[in-house]
Amino acid sequence: MTAKNSESVEDRNGILDDDDHMRGMERIAMEVVRITHPFASVARVTGRIAPLDPAPWMPPNQAVRIAVEEPAGQRPVVRVYTIRSFDPATSQIEIDFVIHQDDSPAMRWLKAAKPGTILPMIGPRQHFIPQLSGDKKAAIFADETAIPAVYAMLKAWPPGLRGAAWIETPDREAFDELPRPEGVDLHLLLRSGTQPAGSAQVLLAAALALTDAAGWTIWAAGERIEMRDLRNHLRDQGVARGDLQVLGYWKKGMSSSDLDRVRLAEYEALREQGLTLENVGDIDLPV
Ligand SMILES: Cc1cc2nc3c(=O)[nH]c(=O)nc-3n(C[C@H](O)[C@H](O)[C@H](O)COP(=O)(O)OP(=O)(O)OC[C@H]3O[C@@H](n4cnc5c(N)ncnc54)[C@H](O)[C@@H]3O)c2cc1C
């Protein structure tokens with residue numbers, strides 16, 4: 090008998106396939122066209138998809154749940170990634186995988202992937218983007234896992250919105266590749282290659298240095314604990330809830346499957362109270 094895959098998240102009540110959770114997302118397959126390494130920390134996977142409707146794939150910061158392992162008799166092992174770009178003319182998408190040293194489901198998939206590999210996915214789901222908010226400037230704090238989201242957002246930057254972005258990466262080239270819309274100042278927070286991801290806390294330091302925090306509308310994504318500290322600090326500085334979107338994209342020392350189990354338990358509890366997906370306050374989950 091094959092051992093159970095411990096990364097597969099069991100959904101006993103089948104709520105992940107419900108409309109409230111699916112929200113019109115499509116089950117789709119991507120065929121890998123090529124994999125390149127534009128710089129040391131990233132594998133860029135270009136793939137072809139055939140969406141029913143290309144329109145939902147066009148706006149910036151679309152996320153997909155990719156099935157990186159498909160154990161027999163269990164739910165697929167899924168991971169969340171960002172669509173860095175979508176070209177409706179060729180139906181090609183790009184996904185940047187940040188390379189890390191753990192023997193993890195996404196890294197195993199990446200090692201085995203080659204042109205022709207089929208990757209099942211569910212999506213797209215638009216994740217948060219910086220909000221236009223009165224005459225406030227937009228601030229972005231992002232580590233390398235959120236650079237694809239920042240790339241897509243800067244490419245589609247609303248004219249007239251002034252802003253600043255603080256980007257943590259171990260690769261200067263990842264920063265150099267970002268679009269430069271007028272009125273947005275980009276700040277490189279270069280982490281040394283010897284410093285593990287999620288330990289430098291440079292995004293938190295940048296947020297602590299923001300003297301007029303309440304004058305900004307803020308979008309931030311990166312390691313979960315650092316992001317929670319950043320969120321708490323900015324709240325204390327008087328940034329209004331509506332001007333604060335802070336996301337934990339990964340957690341140091343914890344697999345996304347374990348995070349998803351906590352998310353699912355919270356979602357189940359909220360549904361029992363008649364609430365919906367919008368009510369899951371992700372960054373406040375007890376992990
Ligand atoms: C909305 C959203 C969008 C995202 N977009 C992207 C994207 O475009 N590109 C991208 O690379 N990631 C992205 N992520 C983050 C990605 O989902 C996680 O990094 C995920 O944990 C990778 O899965 P895994 O199987 O490699 O590792 P897991 O099995 O989840 O974790 C195993 C171990 O690896 C560690 N680990 C996981 N990721 C990293 C990392 N980046 N650096 C160092 N250690 C790590 C964990 O702390 C854990 O100890 C996104 C996450 C969200 C929620």
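Going by our numbering, 320 is the number at position 231 of the sequence shown; the sequence numbering is gapless.
We put the CB at the ideal spot given by N, CA and C, even for glycine.
Self-check item: Nonlocal neighbours in the same chain, by C-beta distance under 6 angstroms from residue 274, ignoring five residues either side
Solution: Position 185 of the sequence shown, counted from the start, is the residue given in the question as residue 274. So the list reads 253, once near-sequence residues are dropped.
Self-check item: First through last residue of the beta strand (DSSP E) which encompasses residue 279
Solution: Against the sequence shown, residue 279 aligns to sequence position 190. Residues 273-279.
Quiz item: When the distance is taken between beta carbons, is residue 366 closer than 9 angstroms to residue 326?
Solution: Counting from one through the sequence shown, the residue named residue 326 turns up at place 237. Counting from one through the sequence shown, the residue named residue 366 turns up at place 277. Taking 9 angstroms as the Cβ cut-off, residue 326 and residue 366 do not qualify as a contacting pair.
Practice problem: List in chain order: all unbroken alpha helix (DSSP H) runs of 4+ residues lying wholly within the segment 177-202. | Solution: Taking only runs of at least 4 residues, the alpha helix (DSSP H) segments lying wholly in the segment 177-202 are 194-201.
Quiz item: Mapping DSSP to helix, strand and coil, what is residue 120?
Solution: Reading the sequence shown from its first residue, position 31 is the one you call residue 120. Residue state for residue 120 is assigned as strand, using DSSP reduced to three classes.
Quiz item: Is DSSP giving residue 256 helix, strand or coil here?
Solution: If you number the sequence shown from 1, residue 256 lands on position 167. Per DSSP, reduced to three states, the secondary structure at residue 256 is strand.
Quiz item: On the premise that residue 276 lies in contact with residue 256, defined as a C-beta separation below 8 angstroms, what is that separation, rounded to the nearest angstrom?
Solution: Taking the first residue of the sequence shown as position 1, residue 256 is located at position 167. Taking the first residue of the sequence shown as position 1, residue 276 is located at position 187. Between residue 276 and residue 256 the Cβ distance is about 7 angstroms, and since that is below 8 angstroms, they are a contact.
Quiz item: Looking only at C-alpha atoms, which of 362, 361 and 376 sits nearest to residue 339?
Solution: If you number the sequence shown from 1, residue 339 lands on position 250. Out of 362, 361 and 376, the CA that lies nearest to the CA of residue 339 is found in 376.
Self-check item: 7 angstroms Cβ shell around residue 139 - same chain, five flanking residues per side excluded
Solution: What you label residue 139 is simply residue 50 of the sequence shown in a count that begins at 1. Counting only Cβ-Cβ distances below 7 angstroms, and skipping sequence neighbours, we find 180.
Quiz item: With residue 135 and residue 99 assumed to form a contact (beta carbons below 8 angstroms), what rounded beta-carbon distance in angstroms separates them?
Solution: As a working mapping, residue 135 is identified with position 46 in the sequence shown. As a working mapping, residue 99 is identified with position 10 in the sequence shown. In fact, because the Cβ distance is near 33 angstroms, the residues do not count as touching under 8 angstroms.
Quiz item: Residue range of the alpha helix (DSSP H) that residue 264 falls in?
Solution: On the sequence shown, position 175 is the one that residue 264 refers to. Residue 264 -> alpha helix (DSSP H) spans 261-265.
Quiz item: alpha helix (DSSP H) containing residue 237: first to last residue?
Solution: On the sequence shown, residue 237 is found 148 positions in, with the first residue counted as 1. Residues 236-244.
Quiz item: Counting pairs of beta carbons, one from the segment 230-241 and one from the segment 200-207, are three or more of them closer than 8 angstroms?
Solution: Segments in contact, no.
Quiz item: Which two residues bound the contiguous alpha helix (DSSP H) that contains residue 315?
Solution: Counting from 1 along the sequence shown, the entry for residue 315 is found at position 226. 313-325 is the extent of the alpha helix (DSSP H) around residue 315.
Quiz item: Cβ-heavy atom distance between residue 338 and ligand 1 below 8 angstroms?
Solution: Taking the first residue of the sequence shown as 1, we reach residue 338 at position 249. At least one heavy atom of ligand 1 is nearer than 8 angstroms to the Cβ of residue 338, so yes.
Self-check item: Spatially closest choice to residue 245 from 174, 286, 105 and 191, by CA coordinates
Solution: Within the sequence shown, the letter at position 156 stands for residue 245. Comparing Cα-Cα distances from residue 245 to each of 174, 286, 105 and 191, the minimum goes to 174.
Quiz item: What residue from 160, 332, 106 and 162 has the CA that sits closest to residue 228's CA?
Solution: Stepping through the sequence shown from its first residue, residue 228 is reached at position 139. Answer by Cα proximity: 332.
Quiz item: Considering residue 297, what are the terminal residues of the alpha helix (DSSP H) in which it resides?
Solution: As a working note, residue 297 is residue 208 in the sequence shown. Note, residue 297: alpha helix (DSSP H), 291-297.
Quiz item: Taking the alpha carbon of residue 188 as the point to measure from, which residue in 170, 94, 178 and 177 has its own alpha carbon closest?
Solution: Here residue 188 corresponds to residue number 99 of the sequence shown, with the count starting at 1. With distances taken between Cα atoms, residue 188 lies closest to 170.
Quiz item: What whole-angstrom Cβ distance do residue 158 and residue 194 have, given they're in contact under 8 angstroms?
Solution: By one-based count along the sequence shown, residue 158 stands at place 69. By one-based count along the sequence shown, residue 194 stands at place 105. Contact flag correct, Cβ pair sits at about 5 angstroms.
Self-check item: DSSP state of residue 211 mapped onto helix, strand, coil
Solution: Against the sequence shown, residue 211 aligns to sequence position 122. The three-state reading of DSSP puts residue 211 in strand, counting E and B together.
Quiz item: Over what stretch of residues does the beta strand (DSSP E) that includes residue 333 continue unbroken?
Solution: In the sequence shown, counting from the first residue as 1, residue 333 sits at position 244. From DSSP, the beta strand (DSSP E) with residue 333 extends over 333-339.
Quiz item: Any heavy atom of ligand 1 closer than 8 angstroms to the CB of residue 170?
Solution: Indexing the sequence shown from 1 puts residue 170 at position 81. Taking non-hydrogen atoms of ligand 1 into account, the C-beta of residue 170 is found less than 8 angstroms away from one of them.
Practice problem: Measure the Cβ-Cβ separation of residue 287 and residue 312 and say whether it is below 9 angstroms. | Solution: Working through the sequence shown from its first residue, we reach residue 287 at position 198. Working through the sequence shown from its first residue, we reach residue 312 at position 223. Contact: yes.
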